[in-house]
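Engineer:
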Amino acid sequence: MNHAVTDGLGVVRSARRELPCRAGDNPDLWFADTPADLERAKELCGACPIRSRCLTAALDRAEPWGVWGGEIFDQGVVIARKRPRGRPRKSPAPAVSAGKEKTWVCA
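At position 79 of the sequence shown the residue is numbered 70 (my numbering), and the sequence of numbers has no breaks.
1) Determine whether the beta carbon atoms of V58 and F22 lie at a separation below 9 Å.
2) Helix or strand or just coil, what does DSSP make of E62?
3) Tell me the rounded alpha-carbon separation between A48 and R78.
4) How long is the line joining the alpha carbons of K99 and D24, rounded to whole angstroms?
5) Whose C-beta lies closer than 8 Å to the C-beta of P26 among residues of the same chain, with five residues either side of it excluded?
6) Check for me: the alpha helix (DSSP H) holding R76 runs from which residue to which?
7) If I measure Cβ to Cβ from L46 and keep anything under 7 Å in the same chain, skipping five residues before and after, which residues do I get?
8) For P11, count neighbouring Cβ atoms within 10 angstroms of its own Cβ and tell me buried if that reaches 16, exposed if not.
9) When the Cα of G67 is compared with those of R80, K81, R52, which residue comes out closest?
10) Would you grab the beta carbon distance between L20 and D28 for me? Rounded to a whole angstrom, and I think it's under 8 Å.
In structure tokens:
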């Protein structure tokens, strides 16, 4: 008789290490501060076999932060993308070319 032990998402515990969030060498990626790292975690979730269950469970728990089921959570809600740290510019930054006058570009 086979009595496989499963976790709260119905995944056999021995198979968890094959999930993208468990297989890599950087579990902190799913709780990163930088937008680029969070986008990478979302990409890795894309092929996960339990993505929808993970997302549903995270919504039910109102996860405070991190990437769950391929979505970024912030204060218990899904957000499209995370902004980088710091205050956004109030005005465009000047771009200086050698020997040319300044032109303004948004950064």
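By construction, the Cβ of each residue, glycine as well, lies at the ideal position given by its N, Cα and C atoms. Predicted, not measured: the structure shown is a model, and the values here were computed from it.
Structural biologist: Taking the geometry as given:
1) Within the sequence shown, residue 58 is the residue found at index 67, counting from 1. Within the sequence shown, residue 22 is the residue found at index 31, counting from 1. Yes; because the gap between Cβ atoms is below 9 Å, this pair is in contact.
2) Within the sequence shown, residue 62 is the residue found at index 71, counting from 1. Correct three-state label for E62: strand.
3) The residue labelled residue 48 in the question sits at position 57 within the sequence shown. The residue labelled residue 78 in the question sits at position 87 within the sequence shown. Going from the Cα of A48 to the Cα of R78 covers about 33 Å.
4) With the chain covering -8 to 98 only, the question about residue 99 has no answer from this structure.
5) For this step, residue 26 is matched to residue 35 along the sequence shown. These residues qualify, in order along the chain: R72, K73, R74, P75.
6) Indexing the sequence shown from 1 puts residue 76 at position 85. Neither: R76 is in no alpha helix (DSSP H) and is coded neither H nor E.
7) Counting from one through the sequence shown, the residue named residue 46 turns up at place 55. The answer, listed in chain order, is W59, G60, G61, E62.
8) Indexing the sequence shown from 1 puts residue 11 at position 20. It counts as buried.
9) Taking the first residue of the sequence shown as position 1, residue 67 is located at position 76. The option with the nearest alpha carbon to G67 is R52.
10) Counting from 1 along the sequence shown, the entry for residue 20 is found at position 29. Counting from 1 along the sequence shown, the entry for residue 28 is found at position 37. The pair is a contact, with the Cβ atoms about 6 Å apart (cut-off 8 Å).
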